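One rule links them: number in my numbering = place in the sequence shown (from 1) + 525.
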Amino acid sequence: MIEVTRLNGTQILVNADLIELVEETPDTVITFTTGRKIIVKESRQQIKSLVKSYKREIMETGFKAENEN
Numbered sequence: 526m527i528e529v530t531r532l533n534g535t536q537i538l539v540n541a542d543l544i545e546l547v548e549e550t551p552d553t554v555i556t557f558t559t560g561r562k563i564i565v566k567e568s569r570q571q572i573k574s575l576v577k578s579y580k581r582e583i584m585e586t587g588f589k590a591e592n593e594n
């Protein structure tokens, strides 16, 4: 999950694995595989960085667990 901010300032967690598309129109719109869309304050580049960090964290956690066994 990544944390993003709606235009009204509310912070929410979204499932990064369900993000299909991120576009700036000029507001940043996240489209999910379900068809749902949300508008957030973060830029497209910030969303990309958040998703990359989230995926890296998941991979590192799995790698550590494998090495502990």
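Backbone N, C-alpha and C fix where the C-beta goes; we use that ideal spot for every residue, glycine too. These numbers were taken from a predicted model, which means no experiment stands behind them.
- Distance from the Cα of I537 is smallest, within the candidate group P551, I563, D552, for I563.
- Contact check for S574 against T553 fails: the beta carbons are separated by 8 Å or more.
- The Cβ-Cβ distance between T530 and K566 falls below 8 Å.
- Between V576 and I555, the C-beta spacing is not below 8 Å.
- Taking the Cβ atoms as the reference, V547 lies roughly 5 Å from I572, within the contact range of under 8 Å.
- For L546, the beta-bridge partners assigned by DSSP are T556.
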